[in-house]
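Shown next, in structure tokens, is the structure this report addresses.
Number of protein chains: 2
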Amino acid sequence: MEIKIAEYSGYCFGVKRALKLTMEAIEKNGNKNKKIFTIGSIIHNPGVKEELSKKGLISVNKVEEIGNKSIFIIRSHGMAPYLINKIRKEKEAEIVDTTCPFVKKVQSKAGLLSKNGYFVVIIGNKDHPEVLGIKGCILNKKYAVIESEEDAEKLRCRKKIGVVIQTTQTKEKLFVIVNKLLDKTGELLINNTICDTTGKMQLSTRKLAGEVDIMIIVGGRQSANTRHLKEISEKINESTYHIENYREVKPEWFINKKRAGISGGASTPIKDIIDVKKAIEELQYIQKNKNL
Amino acid sequence: MEIKIAEYSGYCFGVKRALKLTMEAIEKNGNKNKKIFTIGSIIHNPGVKEELSKKGLISVNKVEEIGNKSIFIIRSHGMAPYLINKIRKEKEAEIVDTTCPFVKKVQSKAGLLSKNGYFVVIIGNKDHPEVLGIKGCILNKKYAVIESEEDAEKLRCRKKIGVVIQTTQTKEKLFVIVNKLLDKTGELLINNTICDTTGKMQLSTRKLAGEVDIMIIVGGRQSANTRHLKEISEKINESTYHIENYREVKPEWFINKKRAGISGGASTPIKDIIDVKKAIEELQYIQKNKNL
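Protein chains in written order, with the working numbering: chain A, 1 to 292; chain B, 1001 to 1292.
As structure tokens, then:
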């Protein structure tokens, strides 16, 4: 079996940077013995989460659980400014900000739109931490989070609508929602804040899905951008499977298939992708020996 | 045969206003005996053009042909400010401005976009007087006139693109071109300047085209909005005919048809629409008597 890996897949710039800053904070803290907290996962990948937890990173669910005078790491998805201030003041925590610079740009664009009198539409997943952080940057709470065409349809008309989009969304979603929004306002300002890498990953996954008989998408089930790669792939190739790691690979998927493709999201370590490739090769080896 | 007229058809607000201002200028001039000029037609309707010409309105093709110390009428489509100034200064003409207020809004939005650093995209017909006027309001000549998806495809990428659209274009065209422009910039500011009446006319023509066996669109062949009504109608009803007046109605169009619809553009006098209705009724009367 021929196995191909998508040209762009695995850790993006923002994820690499967040992990680097987190590792530096952990190492720098070595002697000081402060506790290091984060809310949720630094990146949406269970394997990486476990590894960082072993190194001492404590992942909690809310501000109240953060220890006093600790180190607090803002993850790559960013965070609402009022929450960061709360942690700084109430917990007297030292803040390490690993927010992806592309996410920072979305936050500042959203803030600017609301400052300039636009009703802000955030295209994205309502509960995704990146979206929660963006919401926190809008001054007057004049915003709506739009997940689908149907959401956009329900929006009432406004004089000026400004749009930002979660960095890991698809261009296709931007298109269909913009078409609906054109009916809701006379002035529509669109900031296409989908990040470059996301676009390239989507493009190379789409390309590969058309060239192979089976596609394996590797990455956390919580990872929005990995889920989008799965959606894109299965539109072109119905034999698409989303797995978190090589242990989930199933032999029956590969029956009568000649070419397999692998892609991974921005939060997927390249090692995980290589492990899946090895697992498929191993399956073939076992199969071959069985047939002898 | 049942004959229906589209709910919204015939003279729009801007056209009525332009004709009223022109008639007032002609009447007011009665004794003074100044010559009255316009470039092109006040509105795109040959019948109206002829009528105004009989009342003394002289339609010329360029500034050089305008008489000195005359009265100059800016037609409803508007005009580039530098040309108006030229006529005022070089010809010492008294200016009567009948520019449609909706067109004035497009001109000011286009000017504001260029002032704010946007590359301006004007969606419209390259040679239409409204578009020529809008172009004249853009400060630094940083603009492109886009007629089609293909035009938009060819545009090179820009940091900020601002969009205005000729008042009489269709929303469908705005949608497809906006989708292409999203690939050309990170910041896209869309002013949907299609005028309300245009939208209503298009909607009621589309509705009627679906209810009848034959559609007659009445209006000048130079009239952009009338041509768009024809395009909209023929997508739904292939028996669509665009005529300038009742004399062009052909008996053979109505063979085996039971229901006819009539619609007219913003520059079509309601009288022309009624005349077409009468012509169809007359055809039927002749046909009936033939059969007896």
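Quick reminder that beta carbons are idealized off the backbone N, C-alpha and C, glycines included.
Per-residue contacts from residue i into chain A (C-beta, under 9 Å)
i       : result
B/N1191 : G186, E187, L188
Short CB-CB distance (under 9 Å) between residue i and chain A
i       : result
B/L1174 : yes
Bridge-paired residues (DSSP) for residue i
i      : result
A/H242 : A/I217
A/I71  : A/I36, A/E94
A/V60  : A/I39
Local Cβ density within 10 Å of residue i, reported as buried at 16 or more and exposed below that
i       : result
B/D1272 : buried
B/E1282 : exposed
B/C1100 : buried
A/S53   : exposed
A/Y143  : buried
B/S1148 : exposed
B/P1081 : exposed
B/K1020 : exposed
B/E1172 : exposed
B/I1074 : buried
B/C1195 : buried
B/P1269 : buried
B/I1012 : The question names Ile, but residue 1012 of chain B in the sequence shown is Cys. Under this definition B/C1012 is a buried residue.
A/L57   : buried
A/L132  : buried
A/C137  : buried
A/P129  : buried
B/L1139 : exposed
B/N1191 : buried
A/Q202  : buried
A/N225  : buried
Per-residue contacts from residue i into chain B (C-beta, under 8 Å)
i      : result
A/L182 : K1171, L1174, F1175, V1178, I1190, N1192
Per-residue DSSP class, three states only, for residue i
i       : result
A/G162  : strand
A/L189  : strand
B/K1004 : strand
B/E1147 : coil
A/I177  : helix
B/A1080 : coil
A/I262  : strand
B/I1123 : strand
A/V131  : helix
B/L1139 : coil
A/R17   : helix
A/D275  : helix
B/Y1285 : helix
B/P1101 : helix
A/G47   : helix
B/N1256 : coil
B/L1155 : coil
A/T168  : coil
A/Q222  : coil
A/I66   : coil
A/N116  : coil
A/E211  : coil
A/S108  : helix
B/D1183 : coil
A/T268  : coil
A/G10   : coil
Residue i beta carbon near the ligand GTP (any heavy atom closer than 8 Å)
i       : result
B/T1226 : Absent from the structure shown: the ligand GTP. Ligands present: none.
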